[in-house]
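The listed protein sequences derive, respectively, from chains A and B.
So for the first sequence, the numbering used here puts the first residue at 1; every next one is plus one.
So for the second sequence, the numbering used here puts the first residue at 267; every next one is plus one.
Where is the CB? At the ideal position from N, CA and C, for every residue including glycine.
For clarity, every value in this text was computed on a predicted model and none was experimentally measured.
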Amino acid sequence: MRMNMRTLSAAVFAATLFIAAAGCKKKVAAAPPPPPAPKVEAPPPPPPKPQPPRIDTFVAEPASIERGQSSTLRWAVANATNMTIDQGVGAVQANGTRQVNPGNSTTYTLTASGAGGTDTRSVTVTVNAPPPPPPPKPQPPKVTISSAEVLSREAQDVYFDYDMSDLRADAVRAATANAELLKRIFAQDSGFTVLIEGNCDERGSAEYNLGLGDRRATSLKDFYVMQGLPAERIKTISYGKEKPVCTDANEACYQKNRHDHMAPGQ
Amino acid sequence: MKTRNITVLLITAVLGIVFAVSLAGQADIGGRISKDRELPVIAVADMHGTGAAEQYMDVFNKTLWDELAYSGQIRLAPKTSYPLQLPQQASDFKPPVMFSDWTRPPVSANYLAFGYTGVQDDQIVLFGNFYNVGQPTVQSAQVLANRYYGMLNNDGARKVAREFAADILRQLGIATLSGTRIYFVSDRSGSKEIWAMDYDGSNQKQLTRYGAITGQPAVSADGKLFAFMTYAGGNPQIRVHTTDTSRRQTFVNPVSSTVATPEFTPDGKNVLFAATIDGWTQLMMAGIDGSGMRRISNVRAIEVSPRVNPKTGNDLLFISGRSGHQQLWRMNLDGTDREMLTSGVGDVANPSWSPDGHHIAFCWTRGYEPGNFNIFVMDIADKVPVQLTTNSGRNENPWWAPDGVHLVFSSMRGRVTQLYSMLADGTNVRQLTTQGNNLQPVWAKGIE
Numbered sequence: 001m002r003m004n005m006r007t008l009s010a011a012v013f014a015a016t017l018f019i020a021a022a023g024c025k026k027k028v029a030a031a032p033p034p035p036p037a038p039k040v041e042a043p044p045p046p047p048p049k050p051q052p053p054r055i056d057t058f059v060a061e062p063a064s065i066e067r068g069q070s071s072t073l074r075w076a077v078a079n080a081t082n083m084t085i086d087q088g089v090g091a092v093q094a095n096g097t098r099q100v101n102p103g104n105s106t107t108y109t110l111t112a113s114g115a116g117g118t119d120t121r122s123v124t125v126t127v128n129a130p131p132p133p134p135p136p137k138p139q140p141p142k143v144t145i146s147s148a149e150v151l152s153r154e155a156q157d158v159y160f161d162y163d164m165s166d167l168r169a170d171a172v173r174a175a176t177a178n179a180e181l182l183k184r185i186f187a188q189d190s191g192f193t194v195l196i197e198g199n200c201d202e203r204g205s206a207e208y209n210l211g212l213g214d215r216r217a218t219s220l221k222d223f224y225v226m227q228g229l230p231a232e233r234i235k236t237i238s239y240g241k242e243k244p245v246c247t248d249a250n251e252a253c254y255q256k257n258r259h260d261h262m263a264p265g266q
Numbered sequence: 267m268k269t270r271n272i273t274v275l276l277i278t279a280v281l282g283i284v285f286a287v288s289l290a291g292q293a294d295i296g297g298r299i300s301k302d303r304e305l306p307v308i309a310v311a312d313m314h315g316t317g318a319a320e321q322y323m324d325v326f327n328k329t330l331w332d333e334l335a336y337s338g339q340i341r342l343a344p345k346t347s348y349p350l351q352l353p354q355q356a357s358d359f360k361p362p363v364m365f366s367d368w369t370r371p372p373v374s375a376n377y378l379a380f381g382y383t384g385v386q387d388d389q390i391v392l393f394g395n396f397y398n399v400g401q402p403t404v405q406s407a408q409v410l411a412n413r414y415y416g417m418l419n420n421d422g423a424r425k426v427a428r429e430f431a432a433d434i435l436r437q438l439g440i441a442t443l444s445g446t447r448i449y450f451v452s453d454r455s456g457s458k459e460i461w462a463m464d465y466d467g468s469n470q471k472q473l474t475r476y477g478a479i480t481g482q483p484a485v486s487a488d489g490k491l492f493a494f495m496t497y498a499g500g501n502p503q504i505r506v507h508t509t510d511t512s513r514r515q516t517f518v519n520p521v522s523s524t525v526a527t528p529e530f531t532p533d534g535k536n537v538l539f540a541a542t543i544d545g546w547t548q549l550m551m552a553g554i555d556g557s558g559m560r561r562i563s564n565v566r567a568i569e570v571s572p573r574v575n576p577k578t579g580n581d582l583l584f585i586s587g588r589s590g591h592q593q594l595w596r597m598n599l600d601g602t603d604r605e606m607l608t609s610g611v612g613d614v615a616n617p618s619w620s621p622d623g624h625h626i627a628f629c630w631t632r633g634y635e636p637g638n639f640n641i642f643v644m645d646i647a648d649k650v651p652v653q654l655t656t657n658s659g660r661n662e663n664p665w666w667a668p669d670g671v672h673l674v675f676s677s678m679r680g681r682v683t684q685l686y687s688m689l690a691d692g693t694n695v696r697q698l699t700t701q702g703n704n705l706q707p708v709w710a711k712g713i714e
């Protein structure tokens, strides 16, 4: 490009000298003519080529924004007659800036066109979405958990005499309180069922104790039903002597193991 | 009738020691003790092996002695009384002495086992002889002269010793336990599961893997099926598996909070069990797949552990709380003729029939605090209980062996429960298990 400029200037200068020399010839006749200057033919100038448009700069500042912030596009173009930026920005001047507020990451393309052709350049404004909110915690089956918690906090174990399954006075008191508790829980939580686990101390045989634990669970269930609780929401299981809460060989421990325990049903 | 008399005599003889020691004051029992009880006396000459066989002969000699002693129905002449020169083959007996070294005191034997081992084709071979030394000649004395082969190691030495012992016992008309299996419950894997082992405690194998409380095994008479109770499905239910591969079979449980204590009828067509119906655990009978269930007891009491008479198939023992605490009862399979076999004191559990249906074993707390069970046996004809164990701990789950003279039972010594076998007179106690807790044994014939 630089070379082209220099060649052009030299040609113009040579042409000017030639015209001046021709004009002087007529006016200065007396003086012996100087030796003819060597004939210098100026080479014909090359046809002027139109310069292709040139995008010198096209940037976004900053190139990365948070959603809701803005970015500035800045550009500089040469040799172009039409400059447009897409994404709704439209025609622009050769040099300029424009503030943009893209909602999502957007690529802007600057197209510069003129007699010499077209130049394009693209710049991307990256929009960082804020981190997504944590997924909503799975809704715990609120009612069941709280009913189960209430049961485990408030229900009392019901204790029995050796090889017996009828409710003693203390057992009736505990069972009565439990029945009130169950009425409350059942009323609040229509899906709730209770499992009565019958247990025995280690002294009877394993086989008979399965039946005895069953009797103990059944006798508490019968009591609850008599108190007006729905039988279909009360399940029973006997663990015999398979699940002792205490393993010492003394009456205090045996008594702890001769009990009905209440757990949430399935 | 003849078989029965012989068996009664045998059992009476075996029980003699206990009668004599613990019940000498009871005239009616004392009168039944045979004063001239004669068990065959056997001398067992220590054997040697040629070449590489010799290194396994300590194991061989001990195994042979133990196997014979374990039968409980012979007397072994102590080895210290034997002649210095022990015979190894028939030609070692020379006239005029012949067998008199063995028949006269101090040995006083009726029979002599002798022989030697050698190596043949990289196997141990036993040349085993069993002579009736009451006979005058080698030819007439010879009862057994057999060869037995095994691997050339301690296991092979044990094998040939066991086979020789089994042959000797068979020759004397004594039922061998060889090939019988004991099914039991062990918690050694982390939860109670069903296991099985050979009669002497060897070859212990886990059969179920439910990872839930599983127990109360029963085995069909043909040895092909076992039934048990498990919590694997939530409430206790019965399942039936094959004994060979432990494959689950179809068994439909009734709708009930407790289904437990299964038992096969001797013909293998039905299963008895306890199930809770109308609030009480009662006795049921159903097809082998649980179909066609019917109730065979109908009382307001807990009834469990049905055990059908293996001889008649018509009556059963069971445990009932009808009189108050759990007691031993008997009735017909149709529910008629109920009778209580124990006195009503204490707690009774775990009834088991002898194979001939004439004797029963059970555990009872009579004379002890609740929970301190001991093993008892009873002749079903006179219903007199005979106490076999006197531990202050728990002795439970007695089960008759197929030979009719052994029992296997569980005993809690310290806080650990293990299985033991003994003769039906309480002697010859032998520990069978050591790992974890082991209980509820069932002694069954091998798979036929």
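Next item on the list: Could you tell me the distance, in whole angstroms, from the CA atom of threonine 602/B to the CA atom of alanine 343/B?
Entry: Residue 602/B sits at position 336 when you count from the first residue of the second sequence. Residue 343/B sits at position 77 when you count from the first residue of the second sequence. Cα to Cα, the separation comes out at about 51 Å.
Notebook entry, point to check: Do leucine 151/A and isoleucine 185/A have their C-beta atoms closer together than 8 Å?
Noted result: Sequence index remark: in the first sequence, residue 151/A carries index 151 (1-based). Sequence index remark: in the first sequence, residue 185/A carries index 185 (1-based). With contacts defined as CB atoms closer than 8 Å, leucine 151/A and isoleucine 185/A qualify as a contacting pair.
Next item on the list: Count the C-beta pairs between the region 492–512 of chain B and the region 255–262 of chain A that are closer than 8 Å, then say yes if the count reaches three, no if not.
Entry: Counting Cβ pairs under 8 Å, fewer than three are found: no touch.
Next item on the list: Would you mind telling me which residues of chain B sit closer than 9 Å to threonine 218/A, beta carbon to beta carbon, in chain order?
Entry: Residue mapping note: residue 218/A aligns to position 218 of the first sequence, counting from 1. Chain B residues near threonine 218/A: Ser523, Thr542, Gly545, Trp546.
Checklist line | Any 3 or more C-beta pairs closer than 8 Å across the region 176–196 of chain A and the region 514–531 of chain B | finding: No, because fewer than three Cβ pairs between the region 176–196 of chain A and the region 514–531 of chain B fall closer than 8 Å, the two stretches do not touch.
Note to self: Starting from tyrosine 382/B, trace the beta strand (DSSP E) in both directions and tell me its first and last residue.
What the structure shows: Along the second sequence, one-based indexing puts residue 382/B at 116. Run containing tyrosine 382/B: 377–386, per the beta strand (DSSP E) assignment.
Margin query: Contact between the region 334–343 of chain B and the region 407–426 of chain B is defined here as three or more beta-carbon pairs at a separation below 8 Å; is this criterion met?
Written below: Touching, no.
Next item on the list: Have a look at Asp163/A, Val123/A, Thr118/A and flag the residue whose alpha-carbon is nearest the alpha-carbon of threonine 109/A.
Entry: The residue labelled residue 109/A in the question sits at position 109 within the first sequence. Ranked by how close their Cα comes to the Cα of threonine 109/A, the residues Asp163/A, Val123/A, Thr118/A have Val123/A in first place.
Checklist line | Beta-carbon proximity check, phenylalanine 494/B vs glycine 481/B, cutoff 8 Å | finding: Residue numbering aside, residue 494/B sits at position 228 when the second sequence is read from its first letter. Residue numbering aside, residue 481/B sits at position 215 when the second sequence is read from its first letter. Phenylalanine 494/B is a Cβ neighbour of glycine 481/B, given a cutoff of 8 Å.
Checklist line | aspartate 214/A at chain B interface by Cβ criterion, 8 Å | finding: What you label residue 214/A is simply residue 214 of the first sequence in a count that begins at 1. Between aspartate 214/A and chain B, the shortest Cβ-Cβ separation is below 8 Å.
Note to self: Using a Cβ-Cβ distance cut-off of 8 Å, determine whether alanine 526/B contacts chain A.
What the structure shows: By 1-based counting over the second sequence, the position of residue 526/B is 260. Interface criterion met: the Cβ of alanine 526/B is under 8 Å from a Cβ in chain A.
Notebook entry, point to check: If the cut is a Cβ gap below 7 Å, which residues of chain A does serine 571/B touch?
Noted result: As a first step, residue 571/B is located in the second sequence; it is residue number 305 there, counting from the start. By Cβ distance, chain A contributes Glu207.
Next item on the list: Could you work out which residues of chain B lie near threonine 124/A, taking near to mean beta carbons separated by less than 7 Å?
Entry: The residue given as residue 124/A occupies position 124 in the first sequence. Listed by position along chain B, the residues whose Cβ is nearer than 7 Å to that of threonine 124/A form an empty set, because the closest Cβ is around 59 Å away.
Notebook entry, point to check: What distance in whole Å lies between the Cβ atoms of glutamine 401/B and phenylalanine 380/B, which are believed to be in contact at a cut-off of 8 Å?
Noted result: Position 114 of the second sequence, counted from the first residue, corresponds to residue 380/B. Position 135 of the second sequence, counted from the first residue, corresponds to residue 401/B. About 15 Å separates the CB atoms of phenylalanine 380/B and glutamine 401/B; that is not less than 8 Å, and the two are not in contact.
Next item on the list: For phenylalanine 192/A, name the three-state secondary structure that DSSP assigns.
Entry: For the purposes of this step, residue 192/A is taken as residue 192 along the first sequence, with counting starting at 1. Residue state, collapsed to three classes: coil.
Note to self: Just verifying my parser: in three-state terms, what is the DSSP assignment at valine 426/B?
What the structure shows: Against the second sequence, residue 426/B aligns to sequence position 160. The three-state secondary structure of valine 426/B, taken from DSSP, is helix.
Next item on the list: Flag this pair as touching only if the region 377–395 of chain B and the region 439–455 of chain B have three or more C-beta atom pairs under 8 Å; answer yes or no.
Entry: Flag = no, the region 377–395 of chain B and the region 439–455 of chain B do not touch.
Item checked: Cα-Cα separation between isoleucine 390/B and arginine 632/B, rounded to whole angstroms -> Position 124 of the second sequence, counting from 1, holds the residue named residue 390/B. Position 366 of the second sequence, counting from 1, holds the residue named residue 632/B. If you draw a straight line from the Cα of isoleucine 390/B to the Cα of arginine 632/B, it is about 52 Å long.
Note to self: Here's a check: name, in chain order, each residue in its chain whose Cβ is nearer than 6 Å to the Cβ of isoleucine 568/B, leaving out the five neighbours to either side.
What the structure shows: Indexing the second sequence from 1 puts residue 568/B at position 302. If you ignore the 5 residues before and after isoleucine 568/B, its C-beta comes within less than 6 Å of the C-beta of Thr547, Gly587, all in its own chain and listed in chain order.
Margin query: By the three-class DSSP mapping on this structure, what secondary structure does valine 391/B have?
Written below: The count along the second sequence starts at 1 and reaches residue 391/B at position 125. Note: valine 391/B maps to strand in three-state DSSP.
Check: Using the beta-carbon of each residue, which ones in chain B are nearer than 8 Å to glycine 204/A?
Finding: What you label residue 204/A is simply residue 204 of the first sequence in a count that begins at 1. For the C-beta of glycine 204/A, the chain B residues within less than 8 Å are, from N- to C-terminus, Gln592, Asp613, Ala615, Pro636, Gly637.
Next item on the list: Closer than 7 Å by C-beta to arginine 475/B: which residues in its own chain qualify, once you throw out the five before and the five after it? Chain order, please.
Entry: In the second sequence, counting from the first residue as 1, residue 475/B sits at position 209. Correct list, in chain order: Glu459.
Note to self: Distance cutoff 8 Å, beta carbons only. Does tryptophan 709/B sit that close to anything in chain A?
What the structure shows: For the purposes of this step, residue 709/B is taken as the residue at position 443 of the second sequence. No, its Cβ sits nowhere closer than 8 Å to a Cβ of chain A.
Next item on the list: Have a look at Ser687/B, Arg561/B, Thr656/B and flag the residue whose alpha-carbon is nearest the alpha-carbon of aspartate 600/B.
Entry: Translated into positions along the second sequence, residue 600/B becomes position 334. Closest option to aspartate 600/B, Cα to Cα, is Arg561/B.
Item checked: Within 8 Å, strictly: CB atoms of arginine 173/A and tyrosine 254/A -> Within the first sequence, numbered from 1, the residue matching residue 173/A stands at position 173. Within the first sequence, numbered from 1, the residue matching residue 254/A stands at position 254. Contact flag unset, no.
Note to self: Check whether the region 420–431 of chain B and the region 324–332 of chain B are in contact - that is, three or more C-beta pairs closer than 8 Å.
What the structure shows: Short answer: they touch.
Margin query: I want to see whether chain B comes within less than 8 Å of glutamate 251/A, judged by CB atoms only; does it?
Written below: For the purposes of this step, residue 251/A is taken as residue 251 along the first sequence, with counting starting at 1. No Cβ of chain B is located within less than 8 Å of the beta carbon of glutamate 251/A.
Note to self: Here's the rule: buried if 16 or more other CB atoms are within 10 angstroms of the residue's CB, otherwise exposed. What is alanine 290/B?
What the structure shows: Taking the first residue of the second sequence as 1, we reach residue 290/B at position 24. With a pLDDT of only 34 at alanine 290/B, under 50, the local geometry of the prediction cannot be trusted, and the value read off the model is given with reservation. Exposed, because fewer than 16 other Cβ atoms sit within 10 Å of the Cβ of alanine 290/B.
Notebook entry, point to check: CB asparagine 663/B to CB glutamine 706/B, shorter than 8 Å?
Noted result: The residue given as residue 663/B occupies position 397 in the second sequence. The residue given as residue 706/B occupies position 440 in the second sequence. Yes, they are a contact pair.
Notebook entry, point to check: By Cβ distance, which residues of its chain are closer than 6 Å to aspartate 294/B, with the 5 residues on each side in sequence left out?
Noted result: Mapped onto the second sequence, residue 294/B falls at position 28. Since pLDDT at aspartate 294/B reaches only 28, below the 50 mark, its modelled position is unreliable, and no value is offered.
Next item on the list: Keeping to the same chain, check which residues put their C-beta closer than 7 Å to that of lysine 27/A; ignore five residues upstream and five downstream.
Entry: Here residue 27/A is taken as the residue at index 27 of the first sequence, counted from 1. The predicted model places lysine 27/A with a pLDDT of 49, which falls under 50 and marks its position as unreliable, so this point remains unresolved.
Notebook entry, point to check: Just the Cα atoms here: how many angstroms apart are aspartate 669/B and proline 621/B?
Noted result: Counting from 1 along the second sequence, the entry for residue 669/B is found at position 403. Counting from 1 along the second sequence, the entry for residue 621/B is found at position 355. Distance between aspartate 669/B and proline 621/B, taken at the CA atoms: about 8 Å.
Item checked: Residue range of the unbroken beta strand (DSSP E) whose run includes arginine 270/A -> This structure leaves residue 270/A out entirely; chain A is present only between 1 and 266.
Note to self: Quick check on valine 284/B: does DSSP put it in helix, strand or coil?
What the structure shows: In the second sequence, the residue the question calls residue 284/B occupies position 18. Bear in mind that the predicted position of valine 284/B carries a pLDDT of just 42, short of 50, making it too unreliable to give a figure here.
Note to self: Quick check: does the Cβ of glutamine 389/B come within less than 7 Å of any heavy atom belonging to the ligand ATP?
What the structure shows: Summarising the ligand content, the structure contains no ligands, and the ligand ATP is consequently not present.
Notebook entry, point to check: Quick one, which of Leu418/B, Tyr414/B, Arg447/B has its alpha-carbon nearest aspartate 433/B's?
Noted result: Position 167 of the second sequence holds residue 433/B. Cα-wise, what sits closest to aspartate 433/B is Tyr414/B.
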